Amino acid sequence: MKRITSNQVHVGVIGLGLMGTSIATCLIGARCPVTGVELDCSRRKSARNRIRALLADSKREGLLRADPRKLVREFAACEGYESLEECQLVIESATEDLQIKREIIRQIEEVVSRKVIIGTNTSGLPVTDLQRGACHPERILGIHWAEPAHITRFMEIVCGEQTSLIYAQRVLNLARRWGKEPSLLRRDIRGFITNRIFYAMLREAFYLVESGYATVEDVDRSLRNDLGYWITFAGPFRYMDLTGIPAYAAVMRGLFPELNCDTRIPKLMKRVVASGARGVSNAKGFYPYTQAEALRWEKRFLKFSYEVRRLAQKY
Ligand SMILES: NC(=O)c1ccc[n+]([C@@H]2O[C@H](COP(=O)([O-])OP(=O)(O)OC[C@H]3O[C@@H](n4cnc5c(N)ncnc54)[C@H](O)[C@@H]3O)[C@@H](O)[C@H]2O)c1
Numbered sequence: 487m488k489r490i491t492s493n494q495v496h497v498g499v500i501g502l503g504l505m506g507t508s509i510a511t512c513l514i515g516a517r518c519p520v521t522g523v524e525l526d527c528s529r530r531k532s533a534r535n536r537i538r539a540l541l542a543d544s545k546r547e548g549l550l551r552a553d554p555r556k557l558v559r560e561f562a563a564c565e566g567y568e569s570l571e572e573c574q575l576v577i578e579s580a581t582e583d584l585q586i587k588r589e590i591i592r593q594i595e596e597v598v599s600r601k602v603i604i605g606t607n608t609s610g611l612p613v614t615d616l617q618r619g620a621c622h623p624e625r626i627l628g629i630h631w632a633e634p635a636h637i638t639r640f641m642e643i644v645c646g647e648q649t650s651l652i653y654a655q656r657v658l659n660l661a662r663r664w665g666k667e668p669s670l671l672r673r674d675i676r677g678f679i680t681n682r683i684f685y686a687m688l689r690e691a692f693y694l695v696e697s698g699y700a701t702v703e704d705v706d707r708s709l710r711n712d713l714g715y716w717i718t719f720a721g722p723f724r725y726m727d728l729t730g731i732p733a734y735a736a737v738m739r740g741l742f743p744e745l746n747c748d749t750r751i752p753k754l755m756k757r758v759v760a761s762g763a764r765g766v767s768n769a770k771g772f773y774p775y776t777q778a779e780a781l782r783w784e785k786r787f788l789k790f791s792y793e794v795r796r797l798a799q800k801y
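Going by the numbering used here, the sequence shown opens with residue 487, and the numbers climb by one from there.
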């Protein structure tokens, strides 16, 4: 079996949806052959074209030198888990559901050897819960990507209660080769780093809108021009260093007791979900879109992602 530290780590990706395909694109761009496993036949068939298109985009934007048509030959999409036998690392990026993911891990363990690392791209399920009942839980860990996964530098490597740090270190090394700037969570916590902070922000954003303090547009505009302006340059701690620390303590004293801590899903969120909105993917969201506008937003987001990556790498 090839060593996990070789340049040519063969990776399995389970679930070829939005993230599975962009994760595969990142890996193939970093010269790791990818075997994808997907239950849905149409997604299995369309995955190669989507990956080729994302690779072509990356080349146009200067992130890749190699020919996307040659690179995509390193990708195969399959239905059965036996195709994962050769993999040294398997990343599951299937539907966010504990039972589905547990079953996937069970099937992976049936076909790979005991040292093969199994990563989960769960957004919010505790890694520790996914380790329960596994044959070799010490090699199971969170590998949390951010969309678009082939462009963003973000990655959180998350240890569950039973994860061995050795495996986490190996994935950290690999992640750097994939062009990521990974963070390590030595202990499992729901939401990891960014989702804990992002969801605290979402709760407050809904509170401001639902209580009539500001509109969706006002909240978006303020955050974009304040937090959005500096956060690619500095995280919150560096930002406090840059802008004076004591004032933050004074604001905390007055503001913390007033922040929303409701544990229910906001009413506005429930209404929007019930209306069938899925955002730009079906041209229905917090903002109204025509099909053409939704497509334009999707493309602009990709273009911006490349530009922000270039900017962040400069500093
Ligand atoms: N979308 C994001 O921005 C984002 C960011 C970080 C993490 N995640 C996480 O990534 C995972 C995937 O999210 P997504 O947005 O790509 O969802 P998605 O719905 O686009 O893709 C999920 C895919 O998994 C497939 N699938 C379901 N069960 C399967 C099985 N047993 N075997 C093989 N394939 C199976 C589905 O057919 C589907 O194609 C979720 O856990 C999600 O929480 C998503």
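Just so it is clear, CB atoms sit at the ideal spot from N, CA and C, and this is done for glycine as well.
Model, not experiment: these values are computed from the prediction.
Does the separation of the CB atoms of residue i and residue j fall below 8 Å?
i: C512; j: W664; result: yes
i: R558; j: L584; result: The amino acid occupying residue 558 in the given sequence is Val; Arg does not appear at that position. No, the pair does not count as a contact, with Cβ atoms beyond the cut-off.
i: G498; j: C621; result: no
i: I509; j: F561; result: no
i: I629; j: I643; result: yes
i: T435; j: V705; result: Residue coverage of the chain in this structure runs from 487 to 801, which leaves residue 435 outside it and unanswerable.
i: G698; j: A580; result: no
i: Q494; j: C527; result: no
i: I591; j: L627; result: no
i: T521; j: S569; result: yes
i: Y801; j: F719; result: yes
i: E596; j: Y792; result: no
i: L754; j: E696; result: yes
i: A661; j: M641; result: yes
i: W783; j: V766; result: yes
Among the options, which has the Cα closest to the Cα of residue i?
i: I679; options: F787, G610, S528 and R786; result: G610
i: L525; options: R538, Y567 and R517; result: Y567
i: P722; options: Q799, F684, Q617 and S599; result: F684
i: I603; options: W716, D615 and I577; result: I577
i: E647; options: K666, W631, E624 and A720; result: E624
i: P774; options: E703, L741, Y801 and M738; result: E703
i: A760; options: C645, K789 and G771; result: G771
i: P668; options: W631, G677 and K753; result: W631
i: W716; options: L660, R682, L797 and V695; result: L797
i: A539; options: R530, K531, R529 and R555; result: R555
i: G714; options: R600, R536, F790 and R764; result: F790
i: L575; options: G740, L658, R673 and E779; result: L658
i: Y693; options: I751, V737, N711 and M641; result: I751
i: R618; options: Q593, M738, R710 and R588; result: R588
i: T606; options: D674, K545, V794 and A552; result: D674
Is the shortest distance between the beta-carbon of residue i and the beta-carbons of chain C less than 8 Å?
i: R530; result: No chain C appears in the structure shown, which is made up of a single protein chain.
At which residues does the alpha helix (DSSP H) containing residue i begin and terminate?
i: V695; result: T680 to E696
i: C512; result: L504 to G515
i: E703; result: V702 to N711
i: A562; result: Run containing A562: none in the alpha helix (DSSP H); it sits in the beta strand (DSSP E), F561 to C564.
i: S599; result: From DSSP, S599 is part of no alpha helix (DSSP H); its letter is neither H nor E.
i: P732; result: P732 to L741
i: T729; result: P722 to T729
i: E784; result: Q777 to K800
i: T614; result: V613 to Q617
i: L575; result: Note, L575: premise wrong, no alpha helix (DSSP H); beta strand (DSSP E) at L575 to E578.
i: I652; result: L651 to R663
i: V759; result: K753 to A760
i: R803; result: The displayed coordinates of the chain run from 487 to 801. Any statement about residue 803 would go beyond what the structure contains.
Tell me whether residue i, by its Cβ, gets closer than 7 Å to a heavy atom of ligand 2.
i: A632; result: Looking for ligand 2 in the displayed structure turns up nothing; the ligands present are ligand 1.
For the beta strand (DSSP E) that residue i lies in, which residues bound it at each end?
i: C645; result: F640 to C645
i: I537; result: Counting along the chain, I537 falls outside any beta strand (DSSP E), though it belongs to the alpha helix (DSSP H) covering C527 to R546.
i: V766; result: Counting along the chain, V766 falls outside any beta strand (DSSP E), and DSSP gives it neither H nor E.
i: I626; result: I626 to W631
i: L671; result: E667 to L671
i: V523; result: V520 to V523
i: G498; result: V497 to I500
query = Does the pairing of the segment 673–692 with the segment 736–754 give three or more beta-carbon distances under 8 Å?
reply = yes
message = Would the segment 624–639 count as touching the segment 501–508 if we require 3 or more Cβ pairs under 8 Å?
response = yes
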